[in-house]
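Step one of this worksheet: look at the structure below.
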Amino acid sequence: MNLAEITLIGTGGYGECVLINLGNDNWIIVDSCINPEIGVPQSTEYLESINVDLKNVKLIVCTHWHDDHILGISQALEKCSQAKLSFSKAHDKQKFLYFLSFDYQKKNVEKINSSTFEFNKCIDIIDERNSSLISAVENKCILNIPVGEFRNQIISLSPSDYTMEKFDHEISSLITEYGQPNKKMPTDSPNAKSVALFLKIGHHRAILGADLEVSLHPKEGWKNIVTNNNLIDKKSSLFKIPHHGSENGFCGQVWDLLLEEQPIAKITPWNRGNGLPQLGMLKKYSSLTDKLFMTAAVFGKQPKKRDKQIEKFLKKIGHNPEEVKFKKGVITCKIDMDDPNAKWEVTLVENSLKIEIEID
Amino acid sequence: MSNTIQNTVQSSYSNIDDIQFSTSDEQIFIKSPIDNVNDNINVEGMSLTTTRIYSDDAFRNLYSLSKSNLYGMSYYKKTQKWIGHITDIYVDSFKAKLTDLTSPGTYEIDEFDLEEITDEDKPLLSLGATFYWSVGYSTSENGQVTKESLIRFQRIVEFTDEDNSEALDRASHLISTLKWE
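Right, here's the structure in full:
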């Protein structure tokens, strides 16, 4: 038996990450999340808890450069001394690196004003190591590992060339609008620049949707993948649902053409605003699979506990700051890659749960 | 500035090799060569709040101590402070992501009326703009207790020449050294 693993860790608002064992202890980390109380990256904490030598982490994929999506990723990269780094870069490398460097300079004024602090630290680490960066674009194999009779692969499905050309123009606007040291770039999500991944693990396949959206333009997002991918050779039995199960992340053609019937489907909730996923989308996903899992329930917002007098005062002045709570959930899925008939074994840890909704 | 205040501030920053005090009409500036500066110092029963302004050649950080805190006839107790970043702007209000500076950890989201901002700060209202928000109780010399909610927008608008050079140098270095597959 040659066990592969895809583990999803969600936090409710402090990032998410996926840990992948491609077999023979070859590990990949996708994105990053932290416990905000102690600042520890959940990816390396998980791997260390199951006695994985962090030297066996071959690749760290950064699906988005904004800090909110990758909290702690630089710490993870620091600890994983053999890992390469992969992300989607703009076509105009020069402009992209200027953009990153200027945003990084905000750390001299107020570190929190930089939206790319984590990403920039990763670049510094790669530079110091004299290691390579792997650019993630549509239809590209970013990792190829022989395991037994198989060549297990990680393939980036996005962003499309069209999207990255658009991003080159967008960089100039970002510098103009948010280049000042007293301004922080807001998180733009969902978006078409996110890196979706296709995993080939023995006889089995999986898709990790990151935050990729359905765009209006056919050469962007999921429409582009469904139409123009040329490396998806088989339907997937496991799907990490994009963008916290939002409507913008849902593409019916993905379910019809790229996924098996009743796949394992995993969601990380987002506990800001009205919260994601909304009930309507949960019902939709439940109609497509009876194996739907979430890292935690979407929960109501409460104010943060603090000094009673301050609480009273805040109430009196009409303020009720809503705390975005850290709620960790872990969904571990393992499968025998040698057995074409094997099914994923799912283990739910901490706040994670199986979704069972009655469909009208 | 009184010797008591100088001595107290000096002892609060005892791990710093050199502190320079200078005064202006509005504020007292402390130049500190390191990042970690206490946000709250009690001097003669008054709480001094610090705001990092900018970095210059000789020192990394310049901090200002609000004069009203130092010389005003009031001191603060039970303060709560945040740094906020505007995420949404509406007709009469805006929403912000708040990072708790008093008890760091989870972040919060809150909505503010535009009327809570001073006229001087209103031009600084834009997506991504940074502000400091503090709430607390202040007690005047004559014992009057006032509840205060203060919002101040961060006023730095330009990188220094050194910051610009550093960014350009870093980008140029990375362009020439980074290997892409």
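As you go down the protein sequences, you meet chains V and B in turn. All you need for my numbering is the position in the first sequence, starting with 1, plus 1056. All you need for my numbering is the position in the second sequence, starting with 1, plus 428. C-beta: ideal position from N, C-alpha, C; glycine also. Remember, predicted model here, so these are calculated numbers, not experimental data.
For H1260/V, the enclosing beta strand (DSSP E) begins and ends at 1260 to 1264. About 39 Å separates the beta carbons of R1261/V and K1240/V, which is beyond the 8 Å limit, so they are not a contact pair.
Taking a contact to require three or more Cβ pairs closer than 8 Å, the stretch 1277 to 1292 of chain V and the stretch 1143 to 1163 of chain V do not qualify as touching.
Not flagged as an interface residue toward chain B: D1267/V, since no C-beta distance is shorter than 8 Å.
Scanning the stretch 1132 to 1182 of chain V from its first residue to its last, the whole alpha helix (DSSP H) runs of 4-plus residues come out as 1149 to 1161.
Only those residues of the stretch 1149 to 1183 of chain V whose C-beta falls short of 8 Å from the nearest C-beta of chain B are listed: K1149, Q1150, L1153, Y1154, L1156, S1157, F1158, Y1160, Q1161, N1164, V1165, E1166, I1168, N1169, I1179, I1182, D1183. Shown here, F1369/V sits in a helix according to DSSP, grouped into three states. Within chain B, not a single residue places a beta-carbon under 7 Å from that of R1207/V; the smallest gap is close to 17 Å.
Collapsing the DSSP output to three states places S554/B in coil.
The closest CA to that of T1119/V, considering only D1148/V, D1267/V, G1374/V, D1392/V, is found on D1267/V. Between E1378/V and E1174/V, the alpha-carbon positions lie close to 25 Å from each other. In this structure the stretch 563 to 576 of chain B does not lie against the stretch 542 to 552 of chain B, because fewer than three pairs of beta carbons, one per stretch, are closer than 8 Å.
Contact residues of the stretch 1337 to 1362 of chain V toward chain B are K1360, R1362 (C-beta to C-beta distance below 7 Å). Residue state for K1383/V is assigned as coil, using DSSP reduced to three classes. Proximity of P1215/V to chain B, defined by a Cβ-Cβ separation below 8 Å, is not satisfied. The beta-bridge partner set that DSSP reports for K1390/V consists of E1061/V, E1401/V.
Proximity to I1263/V across I1211/V, A1139/V, D1217/V peaks at I1211/V, based on C-alpha coordinates. Taking a Cβ-Cβ threshold of 8 Å, the residues of chain B close to L1189/V are L606, K607, W608, E609, in chain order. Using a CB distance below 9 Å, the part of the stretch 525 to 540 of chain B facing chain V consists of K525, L526, T527, D528, T530, S531, P532, G533, T534, Y535, E536, I537, D538, E539, F540, ordered along the chain.
In the displayed model, D1087/V falls within coil according to three-state DSSP, outside both helix and strand. Distance check between N1186/V and each of L542/B, L606/B, K509/B places L606/B closest, using alpha-carbon atoms only. Interface criterion not met: the Cβ of T567/B is under 8 Å from no Cβ in chain V.
When secondary structure is reduced to three states using DSSP, H1125/V falls in the helix class. For I511/B, the C-beta contacts it makes with chain V under 8 Å involve E1166, I1168, in order along the chain. Taking a Cβ-Cβ cut-off of 7 Å, the neighbours of I603/B in chain V comprise K1149, Q1150, L1153, given in sequence order. Residue-level contact check: I1366/V touches chain B, since one or more beta carbons of chain B fall below 8 Å from its beta carbon. With contacts defined as CB atoms closer than 8 Å, K1279/V and A1321/V fail to qualify as a contacting pair. Here I1126/V is buried: its Cβ has 16 or more other Cβ atoms, across all protein chains shown, within 10 Å.
DSSP places E1233/V in the helix class (H, G or I) of the three-state scheme.
The shortest C-alpha to C-alpha distance from K1177/V to any of I1129/V, C1136/V, E1166/V is the one to I1129/V.
About 5 Å separates the beta carbons of F522/B and I514/B, which is inside the 8 Å limit, making them a contact pair. For L1133/V, the closest alpha carbon among the candidates L1103/V, I1182/V, D1109/V, I1106/V is that of I1182/V. For T1067/V, the closest of G1095/V, A1060/V, N1077/V, D1081/V by C-alpha to C-alpha distance is G1095/V. Look at K1239/V: its C-beta is under 8 Å from a C-beta on chain B. Taking 8 Å as the cut-off, the Cβ atoms of V1270/V and F1306/V count as close.
Within chain V, the residues whose beta carbon sits less than 9 Å from that of F587/B are F1158, Q1161, K1162, N1164, V1165, G1235, Q1236, P1237, listed in sequence order.
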